[in-house]
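Q: Here's a structure for you.
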Amino acid sequence: MSEQRNDVTIEHCLGQLEELYALQPERLSKQVRIEESLRRAISERWPSGTRLPSHRRLAERLGVARHTLARAVATLITEGLIVTGHGQGSWSARPPAPRPAVETMNAGDAQASDLLSQRAQRVLQGPGASLIQTGSFVPGIPDIAQFPMRKWRQLYTSATVPQNALLLSYSTGGYGPLKRAIRDFLKRWRHIHCDTEQIIITDGTHNGLGLCAMALADTGERVAMESPCYWGARNVFTAAGLEVEMLPWHPHRGHTFSPTPRPVRLAYLMGSHHYPLSVPTRTEEKRRLCDTLQAAYVIEDDYEFAQGDHEALLFNADSERHLLVGSFSKMMFPGLRLGYLVVPRGLAGAINRLRSELYREGRMVDQAVLAQFIFDGDLDTWCRRIQRDYLGRQQVVHDHLITHPRIQRISTPSRAISLCVEFSPGVNDVLLAQALRKEHLIVRPLSPVCARGDERTGLVLGVGLLSGETLQREAMRLRRCLDRLLR
Numbered sequence: 003m004s005e006q007r008n009d010v011t012i013e014h015c016l017g018q019l020e021e022l023y024a025l026q027p028e029r030l031s032k033q034v035r036i037e038e039s040l041r042r043a044i045s046e047r048w049p050s051g052t053r054l055p056s057h058r059r060l061a062e063r064l065g066v067a068r069h070t071l072a073r074a075v076a077t078l079i080t081e082g083l084i085v086t087g088h089g090q091g092s093w094s095a096r097p098p099a100p101r102p103a104v105e106t107m108n109a110g111d112a113q114a115s116d117l118l119s120q121r122a123q124r125v126l127q128g129p130g131a132s133l134i135q136t137g138s139f140v141p142g143i144p145d146i147a148q149f150p151m152r153k154w155r156q157l158y159t160s161a162t163v164p165q166n167a168l169l170l171s172y173s174t175g176g177y178g179p180l181k182r183a184i185r186d187f188l189k190r191w192r193h194i195h196c197d198t199e200q201i202i203i204t205d206g207t208h209n210g211l212g213l214c215a216m217a218l219a220d221t222g223e224r225v226a227m228e229s230p231c232y233w234g235a236r237n238v239f240t241a242a243g244l245e246v247e248m249l250p251w252h253p254h255r256g257h258t259f260s261p262t263p264r265p266v267r268l269a270y271l272m273g274s275h276h277y278p279l280s281v282p283t284r285t286e287e288k289r290r291l292c293d294t295l296q297a298a299y300v301i302e303d304d305y306e307f308a309q310g311d312h313e314a315l316l317f318n319a320d321s322e323r324h325l326l327v328g329s330f331s332k333m334m335f336p337g338l339r340l341g342y343l344v345v346p347r348g349l350a351g352a353i354n355r356l357r358s359e360l361y362r363e364g365r366m367v368d369q370a371v372l373a374q375f376i377f378d379g380d381l382d383t384w385c386r387r388i389q390r391d392y393l394g395r396q397q398v399v400h401d402h403l404i405t406h407p408r409i410q411r412i413s414t415p416s417r418a419i420s421l422c423v424e425f426s427p428g429v430n431d432v433l434l435a436q437a438l439r440k441e442h443l444i445v446r447p448l449s450p451v452c453a454r455g456d457e458r459t460g461l462v463l464g465v466g467l468l469s470g471e472t473l474q475r476e477a478m479r480l481r482r483c484l485d486r487l488l489r
């Protein structure tokens with residue numbers, strides 16, 4: 003009888019794992035699909051101590067080679083999710099459930115709180131980076147599965163030959179050829195005509211914004227941001243000790259100012275495409291904001307863009323108060339962590355030296371590979387191809403959600419990796435996002451990045467990790483979940 007029960011349990015495990023495996027995007031490797039399926043089964047479905055089926059039965063049921071399965075299991079053993087006894091089998095080890103994020107924010111750890119600065123506490127109390135960076139509709143992640151990694155590896159091989167030992171040194175001022183490649187890329191795609199000396203290589207957008215805050219504002223000075231805002235930029239400015247003022251912005255009404263607007267030191271604006279609303283911006287509205295607030299410096303974040311939308315940029319390379327920040331993470335892959343600042347000519351030398359003193363440049367090999375990738379035309383080819391794909395993917399999601407009665411508006415399909423859904427009044431988007439996460443639909447709520455008095459609620463969705471039949475299936479599943487949760 004015991005053996006019969008064990009067979010039933012193993013068959014049950016096999017069935018659940020097969021179901022989870024079928025939900026994984028087919029563009030992922032079989033090993034990655036197995037790893038993610040096992041993680042979800044162990045963390046969410048199987049009791050701790052569940053005996054796993056043999057490798058042979060698992061491989062047969064999933065239709066994979068045994069060595070592929072063995073590599074996936076080895077990864078989960080390393081993570082502590084599977085324990086094994088030599089010759090005895092393997093068992094699941096469910097991790098302890100973490101405390102809810104809201105509880106952690108409200109109660110916190112008193113001892114740790116005493117050790118942190120007030121600036122650090124303010125940053126940690128607000129919305130931040132998600133611990134989950136993969137899954138259906140996770141925003142902010144481009145299509146890393148289709149990226150031309152073979153060409154990227156070839157460039158790394160050519161860049162790391164012995165005679166290139168200088169690439170292992172500091173990159174004081176940034177790698178010259180990369181600056182020239184970025185200068186030409188900005189000319190082609192953004193119609194920006196700047197000098198190479200105006201370009202500063204950064205370790206991504208956050209690094210560039212932190213450098214702007216350090217170079218251009220003192221503690222306590224004010225920075226104006228739009229509501230809804232990019233949470234990462236708000237955290238950077240908060241950490242720098244700046245006073246953040248958020249001004250509601252509506253695509254068809256412009257900005258809402260206080261009755262007596264005060265001057266600001268910095269104005270932080272999105273480039274030609276607003277994040278998180280995922281709609282085009284308007285130059286005249288940005289100019290009016292900067293003039294009304296008498297901003298000393300204007301930082302424009304070219305978060306996402308397409309060829310031909312440069313007219314929505316306020317940035318002027320000949321201005322003494324305009325700066326442009328950009329990153330390759332959304333264009334290529336997040337782990338690259340390389341970006342750029344375009345700064346006024348009169349500030350270029352001082353900000354470049356400040357960057358060296360504060361952060362010490364390096365990663366010359368990465369910079370050399372990226373420079374060659376741009377020079378060879380591969381970045382242009384990749385951007386044109388993947389942006390066409392993103393437009394089609396957004397159209398699929400848009401068509402599935404547009405008729406939902408609680409959706410007030412949804413961003414028009416674009417060539418970006420994210421789109422935004424706004425709800426009619428009364429929807430708690432934070433609780434909704436938490437409920438969707440339990441269904442393995444990873445989205446960001448809109449309300450936490452809105453100013454007080456800005457009552458908009460919604461969801462920010464990404465399309466970078468979904469395509470083809472998987473996208474169709476997940477978009478239908480998202481619609482069904484919204485129908486049920488918002489009933």
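Residue numbers (my numbering): 3 to 489. By construction, the Cβ of each residue, glycine as well, lies at the ideal position given by its N, Cα and C atoms. Computed from a predicted model, the values in this text were never measured in an experiment.
Taking Cβ positions, are A226 and V266 nearer each other than 7 Å?
A: Closer than 7 Å, so yes.
Q: Determine the burial state of A24: buried for a count of at least 16 other Cβ atoms within 10 Å of its Cβ, exposed for fewer.
A: A24 comes out exposed.
Q: Relative to the alpha-carbon of H257, which residue among S229, A241, M272 has its alpha-carbon at the smallest distance?
A: Of S229, A241, M272, the residue nearest in Cα terms is S229.
Q: Please tell me whether T423 and L461 are closer than 7 Å, where the distance is taken between their beta carbons.
A: The displayed chain sequence assigns Val, not Thr, to residue 423. In contact: V423 and L461 (Cβ atoms closer than 7 Å).
Q: Compare the beta carbon distance of D456 and P150 with 7 Å and say whether it is the shorter of the two.
A: Not a contact, by the Cβ cut-off of 7 Å.
Q: Quick one: Cα of I412 to Cα of E476, how far?
A: Cα-Cα distance, rounded: 18 Å.
Q: Between the stretch 340-357 and the stretch 196-205, are three or more C-beta pairs nearer than 8 Å?
A: In short, these stretches touch, since the Cβ pair count reaches three.
Q: Apart from the five residues just before and just after T221, which ones in its own chain have a Cβ nearer than 6 Å to its Cβ?
A: Excluding positions up to five away in sequence, the list reads G243.
Q: Roughly how many whole angstroms lie between the Cα atoms of S119 and V238?
A: Computed Cα separation, rounded: 14 Å.
Q: Apply the 10 Å Cβ neighbour rule to Q396 and answer buried if 16 or more other Cβ atoms are within range, or exposed otherwise.
A: Buried: at least 16 other Cβ atoms inside 10 Å.
Q: Just the C-alpha distance for G394 and S50, rounded to the nearest angstrom, thanks.
A: Approximately 42 Å, taken between the alpha carbons.
Q: Using 7 Å as the threshold, is the C-beta distance between L180 and L325 below it?
A: Not closer than 7 Å, so no.
Q: Taking the alpha carbon of L448 as the point to measure from, which residue in Y277, R439, E81 has its own alpha carbon closest?
A: When each option's Cα is compared against that of L448, the closest is Y277.
Q: Ignore the nearest five residues each way along the sequence and tell me which others in R264's own chain have a CB closer than 6 Å to its CB.
A: Closer than 6 Å at the Cβ level, and outside the excluded window around R264, lies no residue.
Q: Smallest Cα separation from R446: which of G470, R454, L468, L421?
A: Comparing Cα positions, the closest option is L421.
Q: Ignoring anything shorter than 3 residues or poking outside the stretch 155-241, list the beta strand (DSSP E) runs there in chain order.
A: Runs found: 201-204, 224-229.
Q: Note down the Cα distance separating V75 from E37, rounded to an integer number of angstroms.
A: In a straight line, the C-alpha of V75 is about 7 Å away from that of E37.
Q: Could you tell me which of L188, P253, P27 sits nearest to T198, measuring between CA atoms?
A: With distances taken between Cα atoms, T198 lies closest to L188.
Q: Kindly provide the ranges of any beta strand (DSSP E) runs that are 3 or more residues long and lie completely inside the stretch 418-442, ordered along the chain.
A: Counting whole runs of 3 or more residues, the stretch 418-442 contains the beta strand (DSSP E) stretches 420-425.
Q: With a threshold of 7 Å on Cβ separation, who are the neighbours of V399 within its own chain once the five nearest residues in sequence on each side are excluded?
A: Counting only Cβ-Cβ distances below 7 Å, and skipping sequence neighbours, we find L421, L463, V465, A477.
Q: Report the rounded CA-to-CA distance for Y177 versus I404, giving the unit in angstroms.
A: Near 46 Å, if we compare the C-alpha coordinates of I404 and Y177.
Q: For Y232, which residues in the same chain have their Cβ closer than 8 Å to its Cβ, ignoring the five residues on either side in sequence?
A: If we look at Y232 and ignore the five residues flanking it on each side, its Cβ neighbours are M272, Y277, P278, D303, Y305, V451.
Q: Closest to A215 by C-alpha separation, out of P261, C196, W191, T240, would be which residue?
A: Comparing Cα positions, the closest option is T240.
Q: Quick one: residues in its chain with C-beta nearer than 7 Å to the C-beta of L157, no 5 flanking neighbours on either side, listed in chain order?
A: Within the same chain, L157 has close Cβ partners V371, Q374, F375.
Q: So T86 is in the alpha helix (DSSP H); what residue range does that whole segment cover?
A: Run containing T86: none in the alpha helix (DSSP H); it sits in the beta strand (DSSP E), 84-87.
Q: What residue range does the beta strand (DSSP E) around E322 cover?
A: Run containing E322: none; DSSP gives neither H nor E here.
Q: Considering just the uninterrupted stretch of the alpha helix (DSSP H) at V465, what are its terminal residues?
A: Premise fails: V465 is in no alpha helix (DSSP H) and is neither H nor E.
Q: Any idea if R482 is buried or exposed, counting beta-carbon neighbours within 10 angstroms, 16 or more meaning buried?
A: Classification for R482: exposed.
Q: By Cβ distance below 6 Å, which residues in the same chain neighbour G191 in space, the five residues on each side in sequence not counted?
A: Sequence inspection shows Trp at residue 191; the Gly mentioned does not correspond to that position. Here the set comprises Q309.
Q: If we call anything under 7 Å between Cβ atoms a contact, is G17 one with R53?
A: No, Cβ-Cβ distance for G17 and R53 is not below 7 Å.
Q: Going by CA-CA distance only, name the one from S94, H57, S138 that's closest to R41.
A: When only C-alpha atoms are compared, the closest one is S94.
Q: Report the residue from D378, D382, F377, T459 whose alpha carbon sits nearest the alpha carbon of Q410.
A: The residue with the shortest Cα to Cα distance from Q410 is T459.
Q: DSSP three-state call for Q296: helix, strand or coil?
A: If DSSP states are grouped into helix, strand and coil, Q296 belongs with coil.
Q: Return the CA-CA distance between I146 and F139, expressed in angstroms with no decimal places.
A: Near 14 Å, if we compare the C-alpha coordinates of F139 and I146.
Q: Quick one, which of S321, R408, R124 has its alpha-carbon nearest R489's?
A: Selected option, being the one with the closest Cα: R408.
Q: Grouping DSSP H, G and I as helix and E and B as strand, with all else coil, what is D380?
A: Three-state result, D380: helix.
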